[in-house]
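Oh and the sequence shown: position 165 is 165 in the UniProt record's numbering, straight run, nothing missing.
Here a beta-carbon is modelled for each residue, glycine too, at the ideal position from N, C-alpha and C.
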Amino acid sequence: MPDAFARMEMLLGDAGTDRLGRAKIVVFGLGGAGSYAAEALARCGVASLTLVDNGTISADHINRQLYALRSTIGRSNVEIAKARIRDIDEGILVHTYDTFYNEETACIFELGSYDYIVDAMDTVDSKLLLIQRARECNTPVISCMWIGNRTDPFKLETADISRITGCVFTRMFRAQLRKRGIRRVKVLYSREKPEQKYERNTAQGSISFVTGTAGMMLAAAVVRDLLETDRTRRKRK
């Protein structure tokens with residue numbers, strides 16, 4: 001059987017493939033963006049994925065979530081994700097936590113043991129807490145901002161939050177981070193003006209090709225950062 005990652009090795013070389021093969025990544029939130037991010041990372045041959053989500057599949061997830069099918073309704077997100085990822089790469093280590101990330105559960109996670117953290121959660125307080133904890137242990141993190149009520153995937157970008165203007169949610173989130181002494185963090189956001197204004201704790205409209213693209217871009221940012229850091233380290237030797 002051909003090596004599942006042979007084509008990637010042709011692209012990245014031995015060193016890049018080896019770096020990803022040692023990477024330990026945690027994904028918080030397996031909704032529209034998070035499910036696609038976890039999938040893309042699994043297909044990059046990372047060593048381990050830790051998946052954190054307390055949701056179950058429902059019919060209204062089918063329009064945007066990778067794991068949502070008629071046949072999976074009622075099953076937990078992490079259960080479906082683990083089975084799918086192990087079907088992609090039987091050698092990957094997959095750790096799952098069917099839990100909500102907050103002050104009570106944060107102690108479960110040794111964030112310093114990961115090479116990268118992906119925040120694809122919806123709850124603002126959980127996102128803020130995760131970024132603060134990640135900063136304390138110097139683990140890189142990328143956080144997905146509000147991408148609801150958008151229809152243009154070409155307006156999605158990654159940038160440092162300090163450089164972003166025009167997005168109401170991002171401005172609000174940046175202000176909350178500054179209260180915690182955090183001024184810089186990599187985020188994925190949309191330059192598109194939303195169809196409706198952001199309202200906290202309110203369900204937002206979404207569409208598959210925006211959430212899917214966002215998830216792929218989250219994974220791409222993780223991989224590019226890991227490879228760049230590894231190249232820099234090797235040059236210094």
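For residue i, the nearest candidate out of the options (CA to CA)
i, options, result
"ASN149", "TYR189, HIS95, SER35", "TYR189"
"THR50", "SER113, SER71, THR170, ARG135", "SER113"
"ALA47", "ASP230, LYS193, LEU93", "LEU93"
"LEU20", "THR232, LYS235, VAL223, ARG234", "VAL223"
"ASP87", "THR165, ILE207, ALA4, MET172", "ALA4"
"GLU195", "ALA214, TRP146, GLY31, ILE57", "TRP146"
"ILE31", "MET121, ARG171, LYS24", "For clarity, residue 31 is Gly in the given sequence; the question names Ile instead. Here the closest residue by C-alpha is MET121."
"ASP152", "ALA6, ALA83, VAL210, GLY45", "VAL210"
"ILE131", "THR170, ARG180, ARG171", "ARG180"
"GLN204", "ASP60, GLU104, LEU69, ALA6", "ASP60"
"MET216", "LEU12, LYS24, GLN65, ALA6", "GLN65"
"PHE173", "LEU129, ARG234, THR139", "LEU129"
"GLY29", "ARG7, VAL78, GLU90", "VAL78"
"ALA106", "VAL168, ARG133, GLY91, LYS82", "ARG133"
Which of helix, strand or coil DSSP assigns to residue i
i, result
"LEU69", "coil"
"PHE28", "strand"
"TYR97", "strand"
"ASP119", "strand"
"SER76", "strand"
"VAL46", "coil"
"residue 245", "One cannot answer for residue 245 here, as it falls past the ends of the chain, which runs 1 to 237."
"ARG64", "coil"
"THR105", "coil"
"THR165", "coil"
"ILE92", "coil"
"ARG233", "helix"
"ILE57", "coil"
"TYR114", "coil"
"SER206", "coil"
"ALA219", "helix"
"GLN196", "coil"
CB of residue i within 8 Å of CB of residue j, strictly
i, j, result
"ASN54", "THR96", "no"
"VAL187", "THR158", "yes"
"ASP225", "TYR116", "yes"
"VAL185", "VAL141", "yes"
"ILE85", "THR72", "no"
"ARG236", "ILE182", "no"
"VAL52", "ALA38", "no"
"ASN63", "ILE207", "yes"
"ALA214", "ALA33", "yes"
"THR56", "SER35", "no"
"ALA219", "ALA40", "yes"
"LYS127", "SER143", "yes"
"LEU177", "ILE161", "yes"
"LEU69", "LEU227", "no"
Residues bridged to residue i [DSSP beta-bridge criterion]
i, result
"ASP225", "ASP225 pairs with nothing; no bridge assigned."
"LYS186", "ILE142, ASP160"
"VAL52", "PHE28, TYR97"
Cβ neighbours of residue i in the same chain (closer than 6 Å, five flanking residues each side left out)
i, result
"GLU9", "THR17"
"ASP230", "ARG19"
"THR170", "MET145, ILE164, TYR189"
Beta-carbon proximity list for residue i, same chain, < 7 Å, skipping 5 on both sides
i, result
"GLY166", "ARG191"
"CYS137", "LEU111, GLY112"
"residue 247", "Residue 247 is absent from the structure shown; the chain starts at 1 and stops at 237."
"ARG22", "ALA47"
"ARG43", "ILE88"
"SER58", "ILE73"
Cβ-heavy atom distance, residue i to the ligand ATP, below 7 Å
i, result
"PHE154", "Absence of the ligand ATP from the depicted structure is noted, as is the absence of any ligand whatsoever, leaving it without description."
Cβ neighbours of residue i in the same chain (closer than 8 Å, five flanking residues each side left out)
i, result
"MET1", "At MET1 the pLDDT is 41, less than 50, meaning the model places this residue with poor confidence; the figure from the coordinates comes in the next sentence. If we look at MET1 and ignore the five residues flanking it on each side, it has no Cβ neighbours."
"ILE25", "LEU41, VAL46, SER48, LEU49, THR50, TYR114, ASP115, TYR116, ILE117, VAL118, VAL222"
"THR139", "LEU111, GLY112, TYR114, ASP115, TYR116, ILE117"
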